[in-house]
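Presented below is the structure to which this report refers.
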Amino acid sequence: MWSKSNSHGRRIAAITVIGTAIVLPLVIFVLGPNMPPGKATQVARGQVTDNTVLLVVMTPFTVFILGYLGYAIWAFRAPKGETELRDGAPIRGHMPSQIAWLATTTAAVLFLAIFGTTELLANNGAGSGSGPNPVSKPSGPVLPVQVIGQQWEFTYRYPTYGGVETAQLVLPVGQEVAFHVTSLDAVHSFWAYELGVKADANPGVDNIAYVKPAKVGTFQIRCAELCGLWHGYMFDTGRIVSTSDFKTWIAGERTAFAGIMKYLPKYSTSYSPDPPYRAG
Ligand SMILES: [Cu+2]
Numbered sequence: 006m007w008s009k010s011n012s013h014g015r016r017i018a019a020i021t022v023i024g025t026a027i028v029l030p031l032v033i034f035v036l037g038p039n040m041p042p043g044k045a046t047q048v049a050r051g052q053v054t055d056n057t058v059l060l061v062v063m064t065p066f067t068v069f070i071l072g073y074l075g076y077a078i079w080a081f082r083a084p085k086g087e088t089e090l091r092d093g094a095p096i097r098g099h100m101p102s103q104i105a106w107l108a109t110t111t112a113a114v115l116f117l118a119i120f121g122t123t124e125l126l127a128n129n130g131a132g133s134g135s136g137p138n139p140v141s142k143p144s145g146p147v148l149p150v151q152v153i154g155q156q157w158e159f160t161y162r163y164p165t166y167g168g169v170e171t172a173q174l175v176l177p178v179g180q181e182v183a184f185h186v187t188s189l190d191a192v193h194s195f196w197a198y199e200l201g202v203k204a205d206a207n208p209g210v211d212n213i214a215y216v217k218p219a220k221v222g223t224f225q226i227r228c229a230e231l232c233g234l235w236h237g238y239m240f241d242t243g244r245i246v247s248t249s250d251f252k253t254w255i256a257g258e259r260t261a262f263a264g265i266m267k268y269l270p271k272y273s274t275s276y277s278p279d280p281p282y283r284a285g
């Protein structure tokens, strides 16, 4: 009886070790690099690495659980022609396997908690909205871009370009950007998928997220917080362009909106609309 159960244990251990040895390189070299959100920015690249680390940690557990399941289905199947259901052996507890399971899963969870916290603190906030005073800041010069959520669109203000407000989000490549995310009404969430940025837009709050676009291209913007009837309509496409294209574009926006700039409220880290507007 004991020797039999030990040989089951050894086989399951062998399946786990060999299976992990086969699957792990595929996870690291094939699946991992293709994980979301891609490599359009430094923080997005960091998130791909983080997602790969999560996968690597869960791989041996997944192989063990699926291997165990497969082995149990095969090894403990009913013999051919048997019609009666049989009970398994009355086993109470198996201390070594219980301790092994507790120790490995605890170690994995603790590692991921520490790793996740470190990754959020480092890497300039990892694309998250880090509030008005982020712990981790980029060292070089940043281009501030304000993101204003409102039912049901995002608009953008460029305080270093006269505070002009635009309907499109255009960023120069290779330039560290500080998004100042806020809202005029409900809680929205500024989610620029390929940039690896997701930051809550709360009224009265200046929520800062850093990102440095690495290559010219487009990216998807969505509101990621249910914000009312037309929440699903709150999407747009942003553009990353060369520095000279950016200069041309922003100059054009400033010219186009010069006439109405005087009606805009002065640039501020947050806005408090008049009560009649707040009440809708
Ligand atoms: Cu919204």
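Per this note's numbering, the sequence shown runs over residues 6 to 285. Backbone N, C-alpha and C fix where the C-beta goes; we use that ideal spot for every residue, glycine too.
I'd like the span of the beta strand (DSSP E) that includes residue i, first residue to last.
i	result
W196	H193 to A197
K203	V202 to A206
S188	V182 to S188
P41	It is not in any beta strand (DSSP E) - P41 carries neither H nor E in the DSSP assignment.
E170	V169 to T171
Could you tell me the alpha carbon to alpha carbon distance between residue i and residue j, rounded to whole angstroms?
i	j	result
N207	S249	33 Å
E230	W254	30 Å
N129	P95	55 Å
Y276	V152	12 Å
G154	V202	15 Å
G121	D55	8 Å
Y161	G168	9 Å
R244	K220	10 Å
I119	L126	11 Å
R259	S141	32 Å
P38	V53	7 Å
S247	V178	5 Å
V192	F262	27 Å
K44	E87	57 Å
A83	A105	29 Å
V35	T109	26 Å
V62	P139	29 Å
E89	R97	24 Å
Would you kindly report the start and end of the unbroken alpha helix (DSSP H) that includes residue i?
i	result
R286	The shown model of the chain, from 6 to 285, leaves out residue 286, and the question about it has no answer.
T223	Note, T223: premise wrong, no alpha helix (DSSP H); beta strand (DSSP E) at G222 to C228.
G121	M100 to L126
F159	Segment E158 to Y163 is the beta strand (DSSP E) holding F159; no alpha helix (DSSP H) there.
Is any non-hydrogen atom of ligand 1 found closer than 8 Å to the C-beta of residue i, if you look at the structure I gave you?
i	result
G243	no
A197	no
G233	yes
S249	no
H13	no
A204	no
E181	no
Q156	yes
E230	yes
S194	yes
A191	yes
H292	Nothing about residue 292 can be reported from this structure: the residues present for the chain run from 6 to 285 only.
Pull the bridge partners of residue i from the DSSP assignment, please.
i	result
S133	K203
I213	H185
V246	P177
I153	T160 and T187
F262	Answer is none; F262 lacks a bridge partner.
P218	T46
F240	R227
L90	DSSP output for L90 lists no bridge partner at all.
L29	Bridge partners of L29: none, in fact.
L148	V182
Looking only at its own chain, which residues have a Cβ that is under 8 Å from the Cβ of residue i, when we skip the five neighbours before and after it?
i	result
T242	T223, F224, Q225 and I226
T64	T25, V28, L29 and V32
K217	T46, Q47, V48, P143, G179, Q180, E181 and V182
S102	G14
Report yes or no: is there a C-beta of chain C within less than 9 Å of the C-beta of residue i?
i	result
G134	In the structure shown, chain C cannot be found, because there is only a single protein chain.
CB-CB under 7 Å to residue i, same chain, minus the five flanking residues each way: which ones, in chain order?
i	result
P30	none
S135	I213 and A214
A80	H13
V58	F120
Who are the near neighbours of residue i in its chain, counting only those whose CB is closer than 6 Å to its CB and skipping five residues on each side?
i	result
I17	Y73 and Y76
Q180	L148
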